[in-house]
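Residue numbers (the working numbering): 7 to 345. C-beta: ideal position from N, C-alpha, C; glycine also. Quick caveat: nothing in here was measured; it's all calculated off a predicted structure.
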């Protein structure tokens, strides 16, 4: 069986079912097309959603079942990530880059393309407690392809290194193009690719906090600007995702928190840092107080200073020792049939 991508005029029907703010969409019709290049552009939408243990979650969800004893609870406050260099592949093996539709969540230049997925606002449920989130939300990537069908999608989580080099060299926080005006460690030091901030409650009702920040590290040498004197950060830390047998008309890409936190203890040793989310990325050492609280802390640091990074990086298919990625080892990003 083959599935042919066909542009539709009444895209709002699909968007109403899927959510998000894009004005482009696609439908898939069954025929015996060979999956070849059509020579004309067809619209395609990739939909994303956060889940945990198979359940849909949002800013108002009390998300249970975490920690080594399964007794810890998570309250989502800020969940955002960049998606870059999307490649679609047809059923007969032809591949091409998805050409992004220009909007406030998508940016492309000669160095690559990037989209921002942002599941959380700053007014709903637990997200109203966030000190770092944004008001706008987006759960879709929209673009065009000349392929007549799509059977696989591959993409990178994060900002491409060449784009990071160009943006940090050419702009400031005030004039950087959206959506690249957020999610950096500090301006010109490099980007965080995946950000998840959340509250934690254990079985004893002790409160804590969590932060999973996956980003490039050691991007600045003698220069004050990321990659000013080199082409790549020492630790790139871009998860690679490959989803085969994927139908963009019926399937939604899931971000699975149960997979993200597989093997994470949810017991955090308290550091002397007054704000654990302001970690100096130029140092791998943090002074610890010897006490613990419920929580998770991973800012892409070595396991010696942030033990939670070891299982979290493994779940993303990332090597904590050198920052390389293996898509086959990713368990966080999957997909399911939703429509």
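Tell me whether residue i sits in a helix, a strand or coil according to DSSP, three-state version.
i	result
residue 189	coil
residue 131	helix
residue 57	strand
residue 319	helix
residue 77	coil
residue 344	coil
residue 333	helix
residue 275	strand
residue 68	coil
residue 300	strand
residue 62	strand
residue 144	strand
residue 240	coil
residue 270	coil
residue 43	strand
Could you tell me which residues DSSP puts in a beta bridge with residue i?
i	result
residue 219	201
residue 150	49, 105
residue 214	206
Output the boundary residues of the alpha helix (DSSP H) element that contains residue i.
i	result
residue 264	263 to 266
residue 173	167 to 176
How big is the Cα-Cα spacing for residue i and residue j?
i	j	result
residue 82	residue 45	43 angstroms
residue 337	residue 194	31 angstroms
residue 65	residue 341	21 angstroms
residue 91	residue 189	18 angstroms
residue 78	residue 258	27 angstroms
residue 365	residue 187	A question about residue 365 goes unanswered here, because the residues of the chain that appear run from 7 up to 345.
residue 100	residue 158	10 angstroms
residue 269	residue 317	6 angstroms
residue 235	residue 175	11 angstroms
residue 327	residue 256	38 angstroms
residue 275	residue 335	28 angstroms
residue 61	residue 205	19 angstroms
residue 197	residue 244	11 angstroms
residue 301	residue 216	5 angstroms
residue 233	residue 163	19 angstroms
residue 161	residue 333	10 angstroms
residue 59	residue 229	45 angstroms
residue 113	residue 126	20 angstroms
residue 120	residue 89	6 angstroms
Can you check whether the C-beta of residue i is within less than 8 angstroms of a C-beta belonging to chain C?
i	result
residue 90	Annotation note: the requested chain C is absent from the structure, which comprises a single protein chain.
What span of residues does the beta strand (DSSP E) with residue i cover, start to end?
i	result
residue 229	It is not in any beta strand (DSSP E) - residue 229 carries neither H nor E in the DSSP assignment.
residue 246	246 to 250
residue 161	158 to 163
- Query: Residue ranges of each beta strand (DSSP E) run of no fewer than 3 residues wholly in the segment 87 to 128, ordered along the chain?
  - Reply: 101 to 103, 112 to 115, 118 to 124
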